[in-house]
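Scroll down for the structure; my scribbles are underneath it.
Residue numbers (the numbering used here): 511 to 615.
In structure tokens:
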């Protein structure tokens with residue numbers, strides 16, 4: 511079994527978030543993508559404070575697939591600078607982690 515990650519990104523629409531999830535799972539880059547939202551993000555962009563409605567994507571994958579996941583997110587992402595953050599999974603259910611390995615490319 512490899513090292514596992516949860517990669518997060520945000521999208522500007524529910525449809526876009528669902529499409530991203532479908533692409534990542536169908537290409538075996540993600541075992542599961544959860545879409546949460548809408549959420550509201552407040553951030554500084556080009557000198558202005560902005561608040562935007564977004565949908566959060568939580569992508570379950572492996573470390574060795576990260577570069578491909580990042581590229582797939584960036585390929586059709588609507589933002590100039592998309593949030594793409596990876597968090598290491600330090601522990602998890604043996605059955606769940608085995609399932610991840612079984613469905614990932």
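Glycine included, every Cβ here is placed at the ideal spot set by N, Cα and C.
Relative to the C-alpha of residue i, which residue among the options is closest?
i	options	result
residue 596	587, 586, 609, 567	567
residue 552	563, 545, 543, 542	563
residue 571	558, 559, 544, 591	544
residue 515	560, 573, 542	573
residue 594	541, 600, 582	582
residue 576	546, 539, 612, 530	539
residue 529	559, 560, 586, 561	586
Quick one, are the C-beta atoms of residue i and residue j less than 8 angstroms apart?
i	j	result
residue 520	residue 555	no
residue 534	residue 579	yes
residue 569	residue 517	yes
residue 610	residue 527	no
residue 598	residue 536	no
With DSSP run on the structure shown, which of helix, strand or coil describes residue i?
i	result
residue 551	strand
residue 525	helix
residue 585	helix
residue 591	coil
residue 578	helix
residue 563	strand
Quick one: measure Cβ to Cβ for residue i and residue j, integer angstroms, because I've assumed they're closer than 8 angstroms.
i	j	result
residue 557	residue 524	With 8 angstroms as the limit, residue 557 and residue 524 do not qualify as a contact, their Cβ atoms being about 29 angstroms apart.
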